[in-house]
Structures are given as C-alpha cells and as structure tokens.
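K.L.:
Numbering (the working numbering), first residue to last: -10 to 134.
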Amino acid sequence: MEAEATAEAGEEPAPAREPAVELSSDARIQATGKRKTSIARVVLRSGSGEFQINKRSLEDYFPRHQHQTFVRQPLLTSGYEGKVDVRVRVHGGGIAGQAGAVRHGIARALVEANPELREPLKREGYLTRDARQVERKKAGLHKAR
C-alpha cells in the first residue's frame, strides 16, 4: 500500500545500488504481470533503457506522467534503469490497470534475472499481485453495494 501511496503522490523511490548481476547480451527474461483484468507479458533484454509497449513508446502508450513513473518504479528500485530494454504486450482493462500489470510484470522479470532483488522489490510491494476485482452488481440494487 505504501508503494501505491508514493506512486499517487508522484514521488519516485530511492534508487538502489548498482545491479549485482548484468544481463548477458543475448539473454531474454520473460514474465507475466496482472492487475484487475489487465495482463502484461514482459520481456527484458540488456540494452539502453528503451521501453516498447504494444509496439509504441512508453510516453505514447501512457501519456500521463503518473503512469510512466508507476511503470518505471521497479527499475529504479533495482538499479536497472537505463540498463535493460523492456518490451511489453498488454491487453484488457483500462489504462491504470494496464500500468499496474506492466509494473508487476517488470518486477517479476527482474527477480527472475536476479533473485537478490526479491527482498527490496517485495518490500516496496511490486511483487504483490493486487487481488482486488470489481464486484458484480447485485439484483435490486443500483450498484454492487
């Protein structure tokens, strides 16, 4: 919850130390992230920090600075910002849910690449799958409750 509060306030987490493990030039790390009804398939490669989401740049896909910051948080925490290229295929849900799914997928891919990152990413809440779903509308009521 604290990570969500800092993301909403627009603050970025303090960057961590230099990454202990460098990705080899031909390594591809894949992971899946989920949030609400959004599903993101993330592929990390060693590179210059380029983001590509559904064949568009991060700024084109998420025009709001808040969502861009939200997506970058795991990379800043782990120290991999600017050291890996991120390619994402995301579908389902809305913009905020997709940003959450991308962040979750990036965090899981970083842990797969470097298991030492599990503790700091878990502490920030990036590895926790937010299980909240929209509750269905009930008969006889205007909304779910």
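Note that beta-carbon positions come from the ideal geometry of N, C-alpha and C, so glycine has one too.
Exposed or buried, which one is L130 when buried takes at least 16 other CB atoms within 10 Å?
P.N.:
For the purposes of this step, residue 130 is taken as residue 141 along the sequence shown, with counting starting at 1. Exposed is the call here.
K.L.:
Give the list of continuous alpha helix (DSSP H) stretches no shorter than 4 residues that lie fully inside the stretch 30 to 78.
P.N.:
List check, alpha helix (DSSP H) in window: 47 to 50 and 54 to 67.
K.L.:
Measure from the alpha carbon of A85 to the alpha carbon of each residue in K126, I28 and V32, then state which is nearest.
P.N.:
As a position in the sequence shown, residue 85 is number 96, starting the count at 1. For the residues K126, I28 and V32, the minimum Cα distance to A85 belongs to I28.
K.L.:
Around the C-beta of A98, are 16 or more other C-beta atoms found within 10 angstroms, so that it is buried, or is it exposed?
P.N.:
Position 109 of the sequence shown holds residue 98. Flag for A98 reads buried.
K.L.:
So is S13 buried or exposed if we call it buried at 16+ other beta carbons inside 10 Å?
P.N.:
Stepping through the sequence shown from its first residue, residue 13 is reached at position 24. S13 is exposed by the Cβ-count criterion.
K.L.:
Cα separation between R121 and P109?
P.N.:
In the sequence shown, residue 121 corresponds to position 132, counting from 1. In the sequence shown, residue 109 corresponds to position 120, counting from 1. Straight-line Cα distance between these residues: approximately 23 Å.
K.L.:
Should Q19 be labelled buried (16 or more other beta-carbon atoms within 10 Å of its own) or exposed?
P.N.:
Walking along the sequence shown from the start, residue 19 turns up at place 30. The residue in question, Q19, is exposed, as its Cβ has fewer than 16 Cβ neighbours within 10 Å.
K.L.:
In whole angstroms, what separates the C-alpha of E113 from that of V75?
P.N.:
If you number the sequence shown from 1, residue 113 lands on position 124. If you number the sequence shown from 1, residue 75 lands on position 86. Distance between the alpha carbons of E113 and V75 is about 20 Å.
K.L.:
From E39 to H56, what does the alpha carbon distance come to, in whole angstroms?
P.N.:
Numbered from 1 along the sequence shown, position 50 holds the residue referred to as residue 39. Numbered from 1 along the sequence shown, position 67 holds the residue referred to as residue 56. If I take the Cα positions, the gap works out to 16 Å.
K.L.:
On the DSSP letters alone, give me the boundaries of the alpha helix (DSSP H) that G89 sits inside.
P.N.:
By one-based count along the sequence shown, residue 89 stands at place 100. Here the alpha helix (DSSP H) through G89 covers I84 to A102.
K.L.:
Throw me the rounded Cβ distance for the V79 and N43 pair, which I believe falls under 8 Å.
P.N.:
Here residue 79 is taken as the residue at index 90 of the sequence shown, counted from 1. Here residue 43 is taken as the residue at index 54 of the sequence shown, counted from 1. About 6 Å separates the two Cβ atoms, so the contact holds.
K.L.:
Below 8 Å CB to CB, which residues in the same chain sit around R134 once its five sequence neighbours on both sides are set aside?
P.N.:
In the sequence shown, residue 134 corresponds to position 145, counting from 1. Closer than 8 Å at Cβ, skipping near neighbours: E124 and K127.
K.L.:
For L137 and V77, what's the separation of their Cα atoms in angstroms?
P.N.:
The requested residue 137 does not occur in the structure, where the chain is confined to residues -10 to 134.
K.L.:
Can you tell me whether K132 is buried or exposed, with buried defined as 16 or more other CB within 10 angstroms of its CB?
P.N.:
Start at 1 with the first residue of the sequence shown, and residue 132 comes out as number 143. By the 10 Å Cβ count, K132 comes out exposed.
K.L.:
Tell me whether R107 sits in a helix, a strand or coil according to DSSP, three-state version.
P.N.:
One-based indexing of the sequence shown puts residue 107 at position 118. Helix, per DSSP.
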